[in-house]
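Engineer: Chains as they are written, first to last, in the working numbering: chain G, 22 to 172; chain X, 22 to 869. Note that beta-carbon positions come from the ideal geometry of N, C-alpha and C, so glycine has one too. After the structure tokens below, expect a handful of questions from me.
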Amino acid sequence: MDETSQFCTFYLDHLLFGVELRGVQEVIRNLEVTRVPLAPGVVRGLINLRGQIVTAVDLRRRLSLPPLAADALPMNLVVGSADGAVSLLVDEIGDVAEVEESTFERPPETLTGSVRAMILGVYKLDGRLLHVLDTEKACQVSEPEPVAEAR
Amino acid sequence: MDEIVKDFLIESGENLDRLDQELVKLESDPRAKELLASIFRTIHTIKGSAGFLGFLRLQRVAHAGENLLSRLRDGVLALTGEVTSGLLAMVDAVRNMLSEIQATEHDGENDYPELLELLQRLQETAAAGAPAKFPPEAGKPAASLVPEIVVRKNNVPAAVVPEVVVPVISVPTVAAPAVEAPVAAAKREAQPAEPAAPVHRPVAGKLGGLLVESGRVRAEDLTHALAEQEHGDQRRLGEILVALGLCKQEDILAALQTIEVRGRETGVETVRVGVNLLDKLMTLVGELVLARNQLLQFSGRTSDAGVNAISQRMNLIASELQEEVMKTRMQPIGNTWSKFPRTVRDLALSCGKEVRLEMEGQDTELDRTIIEAVKDPLTHLVRNSVDHGIESPDARRRAGKPAGGRLSLRAFHEGGQVNIEISDDGAGLDRERIRSKALERGVISSDQAARMSEHEIFRLIFLPGFSTAEKVTNVSGRGVGMDVVRTNLEKIGGTVDLQSVAGKGTTVRIKIPLTLAIIPALIVASAGDRFAIPQVNLLELVRLEGEEVAKRIEKVHGVPVHRLRGRLLPLVYLNRELRLAETGGGGDGAVNIVVLQADKRQFGLIVDRIIDSEEIVVKPLRKQLKTVKTFAGSSIMGDGRVALILDVVGLAQRASVIAETQQDHGGAEKSALAEAAAEKRRFLLFAGPGGSRMAVPLDTLERLEELPSSQVERAGTHWVAQYRDQILPLVNLEFALEERRRQRQQAKFMANASSAPLQVLVCRHEGRTVGLVVEQILDIVEDAAELKYPASRPGVLYSTVIQERVTELIDVPAILSGAGLGLAGPNPAEGDSAKARSAAASAAEAEN
Numbered sequence: 022m023d024e025t026s027q028f029c030t031f032y033l034d035h036l037l038f039g040v041e042l043r044g045v046q047e048v049i050r051n052l053e054v055t056r057v058p059l060a061p062g063v064v065r066g067l068i069n070l071r072g073q074i075v076t077a078v079d080l081r082r083r084l085s086l087p088p089l090a091a092d093a094l095p096m097n098l099v100v101g102s103a104d105g106a107v108s109l110l111v112d113e114i115g116d117v118a119e120v121e122e123s124t125f126e127r128p129p130e131t132l133t134g135s136v137r138a139m140i141l142g143v144y145k146l147d148g149r150l151l152h153v154l155d156t157e158k159a160c161q162v163s164e165p166e167p168v169a170e171a172r
Numbered sequence: 022m023d024e025i026v027k028d029f030l031i032e033s034g035e036n037l038d039r040l041d042q043e044l045v046k047l048e049s050d051p052r053a054k055e056l057l058a059s060i061f062r063t064i065h066t067i068k069g070s071a072g073f074l075g076f077l078r079l080q081r082v083a084h085a086g087e088n089l090l091s092r093l094r095d096g097v098l099a100l101t102g103e104v105t106s107g108l109l110a111m112v113d114a115v116r117n118m119l120s121e122i123q124a125t126e127h128d129g130e131n132d133y134p135e136l137l138e139l140l141q142r143l144q145e146t147a148a149a150g151a152p153a154k155f156p157p158e159a160g161k162p163a164a165s166l167v168p169e170i171v172v173r174k175n176n177v178p179a180a181v182v183p184e185v186v187v188p189v190i191s192v193p194t195v196a197a198p199a200v201e202a203p204v205a206a207a208k209r210e211a212q213p214a215e216p217a218a219p220v221h222r223p224v225a226g227k228l229g230g231l232l233v234e235s236g237r238v239r240a241e242d243l244t245h246a247l248a249e250q251e252h253g254d255q256r257r258l259g260e261i262l263v264a265l266g267l268c269k270q271e272d273i274l275a276a277l278q279t280i281e282v283r284g285r286e287t288g289v290e291t292v293r294v295g296v297n298l299l300d301k302l303m304t305l306v307g308e309l310v311l312a313r314n315q316l317l318q319f320s321g322r323t324s325d326a327g328v329n330a331i332s333q334r335m336n337l338i339a340s341e342l343q344e345e346v347m348k349t350r351m352q353p354i355g356n357t358w359s360k361f362p363r364t365v366r367d368l369a370l371s372c373g374k375e376v377r378l379e380m381e382g383q384d385t386e387l388d389r390t391i392i393e394a395v396k397d398p399l400t401h402l403v404r405n406s407v408d409h410g411i412e413s414p415d416a417r418r419r420a421g422k423p424a425g426g427r428l429s430l431r432a433f434h435e436g437g438q439v440n441i442e443i444s445d446d447g448a449g450l451d452r453e454r455i456r457s458k459a460l461e462r463g464v465i466s467s468d469q470a471a472r473m474s475e476h477e478i479f480r481l482i483f484l485p486g487f488s489t490a491e492k493v494t495n496v497s498g499r500g501v502g503m504d505v506v507r508t509n510l511e512k513i514g515g516t517v518d519l520q521s522v523a524g525k526g527t528t529v530r531i532k533i534p535l536t537l538a539i540i541p542a543l544i545v546a547s548a549g550d551r552f553a554i555p556q557v558n559l560l561e562l563v564r565l566e567g568e569e570v571a572k573r574i575e576k577v578h579g580v581p582v583h584r585l586r587g588r589l590l591p592l593v594y595l596n597r598e599l600r601l602a603e604t605g606g607g608g609d610g611a612v613n614i615v616v617l618q619a620d621k622r623q624f625g626l627i628v629d630r631i632i633d634s635e636e637i638v639v640k641p642l643r644k645q646l647k648t649v650k651t652f653a654g655s656s657i658m659g660d661g662r663v664a665l666i667l668d669v670v671g672l673a674q675r676a677s678v679i680a681e682t683q684q685d686h687g688g689a690e691k692s693a694l695a696e697a698a699a700e701k702r703r704f705l706l707f708a709g710p711g712g713s714r715m716a717v718p719l720d721t722l723e724r725l726e727e728l729p730s731s732q733v734e735r736a737g738t739h740w741v742a743q744y745r746d747q748i749l750p751l752v753n754l755e756f757a758l759e760e761r762r763r764q765r766q767q768a769k770f771m772a773n774a775s776s777a778p779l780q781v782l783v784c785r786h787e788g789r790t791v792g793l794v795v796e797q798i799l800d801i802v803e804d805a806a807e808l809k810y811p812a813s814r815p816g817v818l819y820s821t822v823i824q825e826r827v828t829e830l831i832d833v834p835a836i837l838s839g840a841g842l843g844l845a846g847p848n849p850a851e852g853d854s855a856k857a858r859s860a861a862a863s864a865a866e867a868e869n
């Protein structure tokens, strides 16, 4: 039998993404975010996860995707990272997908730039591609302060 | 990993740390047989356990060490520096193998052949007949050891033999050779951390044994006294000894104290708990504190007596729990110091110096996280002192000092902070060299250099990239030293200062907070967001209203400043610095200035609103936000939302209030450079009646305000002003000071207040907010303000000297109680005309 892995899937700008299920702590909708002035742009702010303060990362922005419609509320996908829990803001949460290792493929060479480092590869599902996100890399935010926004 | 292996690792790790210390101590006092015996036992235990657990390499190394130690013990071998180094190398090897076991459960591949050979060789030099330098003196008790340990731990109270006298059961065997046993036992008792070694209790009663042991009573005398007791003397042994003139009362007291302490030390049971569990507990308590804050907020809105009572109880329990849990995180600072004897020894050896390390206050307790944070700065300072501070033996002799230098570490609590002093008796700092180096590097201008005081010049070494070491050693002198020490300490809210006298030595003083986990903070709002400002950075709050805003905020070439008691205070808008939306202040047109201190520099931070002061639980920021220097952490507020904690130093740097590399160390800073001395408090200095200098402790005041005289109104018999939607009763200090004049002069309150705005000290008195009107606010100063002269009139606590001038310290509660708020007042018709004023004044004069 083929080896399989379980992924927690989610959507970003109609793309299907997945992170390994065992790295996922929980999924929560609608948490109040406290913005952090002067922080890197991909950091949306801080949320209170039952007494634990967790950084919320705007995953769309991190992956250079267009921003979510202003009236849409993102979901918090809380994952563990080397530096404690981080909340990834995603559009919508999908199902848990069980995928066969044999359907995995590295990203094509034509995928370049900073995004390539964050996408480990894709699983070829029926009619869709499941992008596998490297959560460690996605949580690594070290870019300097953004250029001054309108004062 | 097996529990048994884990236990072995933990126990051995602790033993090794102690071994380092004991070996260094033994080197300076090779006669200390007990010390040697203890070292021997420790190594023996490690060897035994290692063999039992199958770590054969470890066993072999320990065995070689044990052999060498046994030679020392038998007096065949003298303890030379070489032998000590060999033994220390053995300890290091054991330590390496232990960490190997920790990681791999196996004692590694290294057989340490060179080490084994070295230990063997050292042992053989002894066998070859090298004469032992210090033959052990058999039978003679190492008398001085025991009392030394004891006396330092206790403050012997005065007078009377206390009731806790241990009954003497049998006559001790007090022949000289037998005395050794109680000494050994006593020593073991004094070190409770030691592995389970068999404890031989003295056969005799504790007191008698101890007295003989410490050489305070001769054995024959004790026998004599005991015989008295046997013959029916009902008195206690101590009393008999004193009565017979065989012993001094103090000695008995000291001995009794010792017995008591030992009893306590062995009596308290302890449990080994993982640090993770404590951290988890702390987090939970933090959450509980937050929940409590929420509950208090909620119960403040309801009038349900039941809910209020419960929340009050909750409040108390949570506070107490918080305090106790904080205590579990406290550790004696000695834990980090334990490595220093070894560090100092090795370093001194490699520099060819002789250094004696003295430590005092090892049991001063600090939060675990702070201990971690001060570890590196302290190590650096200690190394610095040995490397640069203390001179070579030759140089010291030439300077007329003993060849061996002294390095002392001292820790103590003071005013809710922990002080650590690192002082040496070395050459001191070279003022001229620092000055010329600073000039050469362009850190200061020659003009500044000329104006700087000695202390300020010394402080230059805390600037980045500043090192005066003539040669760069592997120890220090790379110019990354002292500024890193300073920034690391400031990061945890500490300060560092130093004093140095040429030829006499240098003392570095560090002040650090007890804990970082929960701190008092001021909560402010800007552009709709809340921010917490740690109270340690806060000096005062200034509020400007109405037309004052335009008048009192001036511009220096477009840069806003506020004239605070004659000095220009640079102003920083929080919303602009943080690139938040432009706001119109708090909505009422008023401006709130939070006066902050960053790195000895003051600035005013303009916020929209001052919300409250609160105890907050500090949560560190994750690495995604580590680049943002303006925030020190985050916290959860009573309503469950997250608020950021401002890093005042980072903010000041961002706003260019202080440069990253400080350029200006000139004039204005002088008074701010606090000279560490007795405990200092902050005082508000103001001019009282007739321009006399007066002061009140700043922490008794809520705010300082300036009210236009037009705002002063009469309410019944009182003078009041509208203030923040409240009615603020006003008391004029001038008239409140002398009771018998009160009634008349309360009346002419307005008379005295011309058109100039009133300077008001706002304070709480018996649950009410009251304004105390003074002539002029002068300054805020930090001073010890010790009693210099008793009070000459009511309302004054005492006279003291602040800033070299005699100043009266005002007793605010007494004045407000005596001001007759709520008493019947005078006739308001006396009014505010100049005529009435002069009339009242002459009346007052007549009264005199």
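Could you confirm whether any beta carbon from chain X is found closer than 9 angstroms to the beta carbon of E157 (chain G)?
Structural biologist: Here residue 157 (chain G) corresponds to residue number 136 of the first sequence, with the count starting at 1. Not one chain X Cβ lies under 9 angstroms of E157 (chain G).
Engineer: Using a Cβ-Cβ distance cut-off of 9 angstroms, determine whether A698 (chain X) contacts chain G.
Structural biologist: By 1-based counting over the second sequence, the position of residue 698 (chain X) is 677. Any answer about A698 (chain X) is weak, because its pLDDT of 33 lies below 50 and its placement is not dependable; what the coordinates show is given next. It does not: the Cβ of A698 (chain X) has no partner Cβ on chain G nearer than 9 angstroms.
Engineer: Quick one: which residues of the region 55-66 of chain G get their C-beta closer than 9 angstroms to a C-beta of chain X? List them in chain order.
Structural biologist: T55, R56, V57, P58, L59, A60, P61, V63, V64, G66
Engineer: Could I get the ranges of all uninterrupted alpha helix (DSSP H) runs contained in the region 585-653 of chain X, with 4 residues as the minimum, in chain order?
Structural biologist: Scanning the region 585-653 of chain X for uninterrupted alpha helix (DSSP H) segments of 4 residues or longer gives 595-598, listed from N- to C-terminal end.
Engineer: Can you look up I482 (chain X) in the DSSP assignment and give me helix, strand or coil?
Structural biologist: What you label residue 482 (chain X) is simply residue 461 of the second sequence in a count that begins at 1. Helix at I482 (chain X).
Engineer: Which residue comes first and which comes last in the alpha helix (DSSP H) that contains D95 (chain X)?
Structural biologist: The residue you call residue 95 (chain X) lines up with position 74 of the second sequence. Per DSSP, D95 (chain X) belongs to the alpha helix (DSSP H) from 77-95.
Engineer: Taking Cβ positions, are L665 (chain X) and P58 (chain G) nearer each other than 9 angstroms?
Structural biologist: Stepping through the second sequence from its first residue, residue 665 (chain X) is reached at position 644. Stepping through the first sequence from its first residue, residue 58 (chain G) is reached at position 37. Yes, the Cβ-Cβ distance between L665 (chain X) and P58 (chain G) is below 9 angstroms.
Engineer: So which of X:E121, X:N558, X:G515 has the shortest CA-CA distance to L672 (chain X)?
Structural biologist: Numbered from 1 along the second sequence, position 651 holds the residue referred to as residue 672 (chain X). Per the Cα distances, X:N558.
Engineer: List the endpoints of the continuous beta strand (DSSP E) containing S838 (chain X).
Structural biologist: Taking the first residue of the second sequence as position 1, residue 838 (chain X) is located at position 817. It is not in any beta strand (DSSP E) - S838 (chain X) instead sits in the alpha helix (DSSP H) that spans 833-839.
Engineer: Measure how close the beta-carbons of F61 (chain X) and L89 (chain X) come, nearest whole angstrom, since I'm counting them as under 8 angstroms.
Structural biologist: The count along the second sequence starts at 1 and reaches residue 61 (chain X) at position 40. The count along the second sequence starts at 1 and reaches residue 89 (chain X) at position 68. About 10 angstroms; that fails the 8 angstroms criterion.
Engineer: Write down every uninterrupted run of the alpha helix (DSSP H) in the region 22-63 of chain X whose length is 4 residues or greater and which is fully enclosed by it, in chain order.
Structural biologist: 24-49
Engineer: I'd like to know whether the C-beta atoms of L98 (chain X) and L143 (chain X) end up nearer to each other than 9 angstroms.
Structural biologist: The residue labelled residue 98 (chain X) in the question sits at position 77 within the second sequence. The residue labelled residue 143 (chain X) in the question sits at position 122 within the second sequence. Result yes, Cβ atoms of L98 (chain X) and L143 (chain X) sit closer than 9 angstroms.
Engineer: Check distances from the C-beta atoms of the region 100-132 of chain G to those of chain X and list, in chain order, the residues that come in under 8 angstroms.
Structural biologist: D104, G105, V107
Engineer: Would you report the Cα separation of S713 (chain X) and Q824 (chain X), rounded to the nearest angstrom?
Structural biologist: By one-based count along the second sequence, residue 713 (chain X) stands at place 692. By one-based count along the second sequence, residue 824 (chain X) stands at place 803. Near 14 angstroms, if we compare the C-alpha coordinates of Q824 (chain X) and S713 (chain X).
Engineer: Can you check which of these residues, X:K27, X:R293, X:E726, is closest to A611 (chain X) by C-alpha distance?
Structural biologist: As a first step, residue 611 (chain X) must be located in the second sequence, where it is residue number 590. When only C-alpha atoms are compared, the closest one is X:E726.
Engineer: Find the nearest neighbour of P591 (chain X) within the set X:R600, X:V615, X:L599, X:L601, judged by alpha-carbon distance.
Structural biologist: Counted from its first residue, the second sequence places residue 591 (chain X) at position 570. Minimum Cα distance to P591 (chain X) is reached at X:V615.
Engineer: Would L40 (chain X) be called buried (16 or more neighbouring beta carbons within 10 Å of its own) or exposed?
Structural biologist: In the second sequence, the residue the question calls residue 40 (chain X) occupies position 19. By the 10 Å Cβ count, L40 (chain X) comes out buried.
Engineer: Looking at chain G, which residues of the region 622-637 of chain X have a Cβ within less than 7 angstroms of any of its Cβ atoms?
Structural biologist: none
Engineer: Determine whether the beta carbon atoms of V395 (chain X) and I482 (chain X) lie at a separation below 9 angstroms.
Structural biologist: Taking the second sequence and counting its residues from 1, the one referred to as residue 395 (chain X) is at position 374. Taking the second sequence and counting its residues from 1, the one referred to as residue 482 (chain X) is at position 461. Not closer than 9 angstroms, so no.
Engineer: Between G:A77, G:K145, G:I68, which has its C-alpha nearest T156 (chain G)'s C-alpha?
Structural biologist: Residue mapping note: residue 156 (chain G) aligns to position 135 of the first sequence, counting from 1. When only C-alpha atoms are compared, the closest one is G:A77.
Engineer: Is the beta carbon of T828 (chain X) within less than 8 angstroms of some heavy atom of the ligand SAM?
Structural biologist: Annotation note on the ligand SAM: not contained in the displayed structure, which lists no ligands.
Engineer: Can you name the start and end residues of the alpha helix (DSSP H) that S135 (chain G) belongs to?
Structural biologist: One-based indexing of the first sequence puts residue 135 (chain G) at position 114. Looking at the DSSP string, the run of the alpha helix (DSSP H) that includes S135 (chain G) is 135-139.
Engineer: Which residues in chain G sit within 7 angstroms of R662 (chain X), going by Cβ to Cβ distance?
Structural biologist: Looking up residue 662 (chain X) in the second sequence gives position 641. Neighbours of R662 (chain X) in chain G, taken as residues whose beta carbon is under 7 angstroms from its own, are E53, T55, N69 in chain order.
Engineer: Rounding to the nearest angstrom, what Cα-Cα distance links P66 (chain G) and N613 (chain X) in this structure?
Structural biologist: The count along the first sequence starts at 1 and reaches residue 66 (chain G) at position 45. The count along the second sequence starts at 1 and reaches residue 613 (chain X) at position 592. A small fix is needed here, since residue 66 (chain G) is Gly in this sequence, not Pro. The alpha-carbon atoms of G66 (chain G) and N613 (chain X) are separated by roughly 26 angstroms.
Engineer: Name the two residues that bound the continuous beta strand (DSSP E) containing E726 (chain X).
Structural biologist: Counting from one through the second sequence, the residue named residue 726 (chain X) turns up at place 705. Taken as a continuous stretch (DSSP letters only), the beta strand (DSSP E) holding E726 (chain X) covers 724-728.
Engineer: Taking L47 (chain X) as the reference, give the member of X:R456, X:P362, X:L139, X:A619 with the closest Cα.
Structural biologist: Indexing the second sequence from 1 puts residue 47 (chain X) at position 26. Measuring from the Cα of L47 (chain X), the nearest candidate turns out to be X:P362.
Engineer: Measure how close the beta-carbons of Q42 (chain X) and S429 (chain X) come, nearest whole angstrom, since I'm counting them as under 8 angstroms.
Structural biologist: Residue numbering aside, residue 42 (chain X) sits at position 21 when the second sequence is read from its first letter. Residue numbering aside, residue 429 (chain X) sits at position 408 when the second sequence is read from its first letter. Not quite, the Cβ-Cβ distance comes to about 16 angstroms (not below 8 angstroms), so this is no contact.
Engineer: Quick check: the region 83-102 of chain G against the region 43-53 of chain G, are there 3 or more CB pairs under 8 angstroms?
Structural biologist: yes
Engineer: Please report the distance separating the alpha-carbon of E260 (chain X) from that of A276 (chain X).
Structural biologist: Stepping through the second sequence from its first residue, residue 260 (chain X) is reached at position 239. Stepping through the second sequence from its first residue, residue 276 (chain X) is reached at position 255. If I take the Cα positions, the gap works out to 13 angstroms.
Engineer: Given a cut-off of 9 angstroms on the beta-carbon distance, is the pair D367 (chain X) and G410 (chain X) in contact?
Structural biologist: As a position in the second sequence, residue 367 (chain X) is number 346, starting the count at 1. As a position in the second sequence, residue 410 (chain X) is number 389, starting the count at 1. No. Outside cutoff.
Engineer: Using a cut-off of 7 angstroms between C-beta atoms, extract the partners of S655 (chain X) located in chain G.
Structural biologist: Here residue 655 (chain X) is taken as the residue at index 634 of the second sequence, counted from 1. Against S655 (chain X), the close residues of chain G are L67, I74, in the order they occur along the chain (beta-carbon pairs closer than 7 angstroms).
Engineer: So, under 8 angstroms CB-CB, Q780 (chain X) and V795 (chain X) are touching, yes? Tell me the CB distance rounded to an integer number of Å.
Structural biologist: For the purposes of this step, residue 780 (chain X) is taken as residue 759 along the second sequence, with counting starting at 1. For the purposes of this step, residue 795 (chain X) is taken as residue 774 along the second sequence, with counting starting at 1. Yes, Q780 (chain X) and V795 (chain X) are in contact; Cβ-Cβ is about 5 angstroms, under 8 angstroms.
Engineer: Given that a residue counts as buried once 16 or more other Cβ atoms are within 10 Å of its Cβ, and exposed if not, what is P871 (chain X)?
Structural biologist: With chain X covering only 22 through 869, there is no way to say anything about residue 871 (chain X).
Engineer: Taking V40 (chain G) as the query, report the chain X residues whose CB atoms sit under 8 angstroms from its CB, ordered along the chain.
Structural biologist: For the purposes of this step, residue 40 (chain G) is identified with residue 19 of the first sequence, where counting begins at 1. Using a Cβ-Cβ cut-off of 8 angstroms, V40 (chain G) is close to nothing in chain X; its nearest Cβ partner there is about 17 angstroms away.
Engineer: Taking 9 angstroms as the threshold (beta carbon to beta carbon), is K640 (chain X) in contact with chain G?
Structural biologist: For this step, residue 640 (chain X) is matched to residue 619 along the second sequence. Yes - at least one Cβ of chain G is within 9 angstroms of the one on K640 (chain X).
Engineer: Are A757 (chain X) and I836 (chain X) closer than 9 angstroms when you measure CB to CB?
Structural biologist: Here the question's residue 757 (chain X) lines up with position 736 in the second sequence. Here the question's residue 836 (chain X) lines up with position 815 in the second sequence. In contact: A757 (chain X) and I836 (chain X) (Cβ atoms closer than 9 angstroms).
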